[in-house]
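**Q** Going by the working numbering, the first residue of the sequence shown is number 15, and it counts up by one from there. Submitted below is the structure of interest, expressed as structure tokens.
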Amino acid sequence: MRPLGAVLLLSGAIACAVVPVTPEPSRETAAVVDRVLPIDLPTDIRWDGESHVVVTDRRKGPARVSIADVDAPPTWLTEWPAATEPGSHYVHFAMSPVFAAAADLAFGLRWREQRPNAPVAREIFEYIADIDVRNDQLLITGLRRNLGGILGADDSTAWIGTLRGGEATFRPLLPFRRMRDVENCAGFGLAAVRFLPDGGFAIAPGAEPGVYVYDANQRLQRTWDTQTLGVEVDCHFSREQSAVLSTDADARQAWLNRRRIIDDLIAIGDVPYLVVRAHDGTTTRWELIELRGEQHVVHPLPLVSASASAHVAADADRQRIAFLIHDRAAGRDGAAAPRLVILPWPAR
């Protein structure tokens with residue numbers, strides 16, 4: 015099997031009884047914004063106040079985008095330098111009023127305080143599947159090496175820590191079951207983490223089953239079974255399969271298109287929602303799965319793309335969800351233009 019870095023560069027809990035419930039017919043899901051974004055290689059999105067979102071471009075970095083003024087060009091946040099080398103690309107982005115953080119798939123984790131002229135701090139982190147920020151806290155999933163260079167030495171695939179204290183404060187949260195499965199699906203975009211407004215958080219490791227919900231004291235409260243939620247997790251590859259999927263983007267996308275996968279994880283109020291993607295051979299569609307109490311509620315979304323390479327990144331405030339529909343084949347002929355879609359979704 016290829017080393018993880020090479021793959022990426024080439025590319026007491028309560029088990030919930032889950033009861034599917036049909037969407038409320040009165041819930042309004044008509045988009046209030048649906049427009050093309052003038053950003054070449056978009057990857058992630060976060061709300062920035064009432065009237066703007068921040069969208070990251072893989073190479074250029076984060077840009078502030080107006081919701082209302084469709085003619086206003088993106089305002090690039092020049093405090094974040096453009097990508098120039100492996101580990102400096104903007105694949106994941108998260109922000110709070112106190113700190114913002116960005117990460118590449120491999121080797122690059124950066125953050126800075128949200129104040130003028132604050133420096134950008136950097137840490138080497140072997141593989142980063144997703145990040146989120148709350149105040150000065152960082153939630154991160156992936157794989158980590160210890161000071162001796164041993165990958166997965168702490169047996170964990172998720173950590174929480176403070177950005178003021180840096181990597182030395184990162185505490186393991188979620189043990190992996192089989193590290194090779196996490197390596198096999200590195201770079202597939204299957205994992206997601208998100209803080210809840212009350213200080214709790216949710217983790218979907220993606221390469222392994224389960225969605226895990228923690229309280230503000232970092233205690234595991236519930237585990238959701240991904241199979242029961244209709245999400246397919248299967249990263250147990252042969253060495254031959256791993257060699258092909260790690261180097262062939264088209265084969266990797268075809269593998270994803272045969273499965274219902276988690277594209278993102280958001281919080282609306284103190285309730286986690288999965289953004290689930292499915293491709294039917296012709297179109298790509300998404301739905302929300304609301305993880306409320308001891309039941310899950312499925313909400314079909316009015317999001318459709320003709321691209322077989324379309325994926326979604328999302329963020330929510332208490333009234334709306336911002337979706338970034340982006341094409342993983344961006345930069346190639348025939349790729350779909352990125353779209354910003356805003357849906358009303360009041361917290362209940």
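Note that beta-carbon positions come from the ideal geometry of N, C-alpha and C, so glycine has one too.
According to DSSP, simplified to helix, strand and coil, what is TRP125?
**A** Working through the sequence shown from its first residue, we reach residue 125 at position 111. Three-state result, TRP125: strand.
**Q** Which runs of the alpha helix (DSSP H) fall wholly inside the stretch 241-294 and span at least 4 residues, in chain order?
**A** Qualifying alpha helix (DSSP H) stretches, in chain order: 253-261, 263-271.
**Q** In this structure, does DSSP put ASP341 in helix, strand or coil?
**A** By one-based count along the sequence shown, residue 341 stands at place 327. In the structure shown, ASP341 sits in a strand (DSSP, three-state: E or B).
**Q** Tell me the DSSP secondary structure of THR296 in three-state form.
**A** Taking the sequence shown and counting its residues from 1, the one referred to as residue 296 is at position 282. The answer is coil: DSSP assigns THR296 none of H, G, I, E or B.
**Q** Evaluate contact between the stretch 58-78 and the stretch 94-101, counting only Cβ atoms and requiring at least three cross-stretch pairs below 8 Å.
**A** Segments in contact, yes.
**Q** Please report the residue range of the beta strand (DSSP E) in which GLU137 lies.
**A** Translated into the one-based positions of the sequence shown, residue 137 becomes position 123. 135-137 is the extent of the beta strand (DSSP E) around GLU137.
**Q** By Cβ distance below 6 Å, which residues in the same chain neighbour ARG136 in space, the five residues on each side in sequence not counted?
**A** The residue given as residue 136 occupies position 122 in the sequence shown. Within the same chain, ARG136 has close Cβ partners ARG124.
**Q** How about the stretch 208-224 and the stretch 170-184: do they share at least three Cβ pairs that are nearer than 8 Å?
**A** Touching, yes, given that three or more Cβ pairs across the two stretches are closer than 8 Å.
**Q** Report yes if the C-beta distance between LEU407 and PHE209 is below 9 Å; otherwise report no.
**A** Outside the shown range of the chain (15 to 362) lies residue 407, about which nothing can therefore be said.
**Q** Starting from ASP146, follow the beta strand (DSSP E) in both directions and report where the run begins and ends.
**A** Taking the first residue of the sequence shown as position 1, residue 146 is located at position 132. Where ASP146 is concerned, the enclosing beta strand (DSSP E) stretches over 141-148.
**Q** Residue ranges of each beta strand (DSSP E) run of no fewer than 3 residues wholly in the stretch 175-223, ordered along the chain?
**A** Segments of the beta strand (DSSP E) lying fully in the stretch 175-223: 206-209, 215-218.
**Q** Per the DSSP calculation, LEU302 is bridged to which residue(s)?
**A** Walking along the sequence shown from the start, residue 302 turns up at place 288. VAL289, HIS313, per the DSSP bridge assignment.
**Q** Shortest alpha-carbon distance to ALA351 belongs to which of LEU91, THR296, LEU51, GLN151?
**A** Walking along the sequence shown from the start, residue 351 turns up at place 337. Checked all of LEU91, THR296, LEU51, GLN151; the closest Cα to ALA351 is LEU51.
**Q** Measure the alpha-carbon distance for ASP328 versus ASP248 and round it to whole angstroms.
**A** In the sequence shown, counting from the first residue as 1, residue 328 sits at position 314. In the sequence shown, counting from the first residue as 1, residue 248 sits at position 234. One detail in the question is off: residue 328 reads as Ala in this sequence, not Asp. If I take the Cα positions, the gap works out to 24 Å.
**Q** Taking 7 Å as the limit between beta carbons, can you name the residues of its chain near THR155, skipping five residues before and five after?
**A** If you number the sequence shown from 1, residue 155 lands on position 141. Counting only Cβ-Cβ distances below 7 Å, and skipping sequence neighbours, we find ALA143, ASP144, THR171, ALA172, ALA205, VAL207, ILE217, PRO219.
**Q** Out of curiosity, what's the CA-to-CA distance linking GLU38 and LEU317?
**A** Working through the sequence shown from its first residue, we reach residue 38 at position 24. Working through the sequence shown from its first residue, we reach residue 317 at position 303. Legend: pLDDT at GLU38 = 47, less than 50; position of this residue unreliable, no value from coordinates given.
**Q** Could you have a look at GLN235 and say whether DSSP puts it in helix, strand or coil?
**A** To locate residue 235, count along the sequence shown from 1; it is residue 221. It is a strand residue.
**Q** Could you check which residue in ASP195, GLN235, ALA132, SER102 has the C-alpha nearest to that of GLU222?
**A** Start at 1 with the first residue of the sequence shown, and residue 222 comes out as number 208. When each option's Cα is compared against that of GLU222, the closest is ASP195.
**Q** Where DSSP assigns a beta bridge to SER102, which residues make up the other side?
**A** Within the sequence shown, residue 102 is the residue found at index 88, counting from 1. None, per the DSSP bridge assignment.
**Q** Since PRO87 contacts ARG78 with CB under 8 Å, what's their CB separation in whole angstroms?
**A** One-based indexing of the sequence shown puts residue 87 at position 73. One-based indexing of the sequence shown puts residue 78 at position 64. The Cβ separation is near 10 Å, so there is no contact.
**Q** For the beta strand (DSSP E) containing TRP359, list its first residue and its last residue.
**A** Here residue 359 corresponds to residue number 345 of the sequence shown, with the count starting at 1. Unbroken run through TRP359: none, as it is neither H nor E.
**Q** Rounded to a whole number of angstroms, what is the C-alpha to C-alpha distance between PHE251 and GLY201?
**A** As a position in the sequence shown, residue 251 is number 237, starting the count at 1. As a position in the sequence shown, residue 201 is number 187, starting the count at 1. Whole-angstrom Cα-Cα distance: 15 Å.
**Q** If the criterion is Cβ atoms closer than 9 Å, does the pair ALA45 and ILE303 meet it?
**A** Counted from its first residue, the sequence shown places residue 45 at position 31. Counted from its first residue, the sequence shown places residue 303 at position 289. No.
**Q** Would you mind sorting ASP294 into buried or exposed? The rule is 16 or more other CB atoms within 10 Å of its CB.
**A** For the purposes of this step, residue 294 is identified with residue 280 of the sequence shown, where counting begins at 1. It is exposed - the Cβ of ASP294 has fewer than 16 other Cβ atoms within 10 Å.
**Q** By how many angstroms is the C-alpha of GLY162 removed from the C-alpha of ARG353?
**A** The sequence position of residue 353 within the sequence shown is 339, counting from 1. The sequence position of residue 162 within the sequence shown is 148, counting from 1. Cα to Cα, the separation comes out at about 44 Å.
**Q** How would you call SER65, buried or exposed, if buried means at least 16 neighbouring beta carbons within 10 angstroms?
**A** Counting from 1 along the sequence shown, the entry for residue 65 is found at position 51. So SER65 counts as exposed.
**Q** If I follow the unbroken beta strand (DSSP E) through ARG49, where does it start and stop?
**A** To locate residue 49, count along the sequence shown from 1; it is residue 35. Element bounds for ARG49: 47-50.
**Q** Three or more C-beta pairs under 8 Å: does that hold for the stretch 276-291 against the stretch 252-259?
**A** Touching, no.
**Q** Measuring only the C-alpha atoms, how far is ASN131 from VAL311?
**A** Position 117 of the sequence shown, counted from the first residue, corresponds to residue 131. Position 297 of the sequence shown, counted from the first residue, corresponds to residue 311. One C-alpha to the other measures close to 44 Å.
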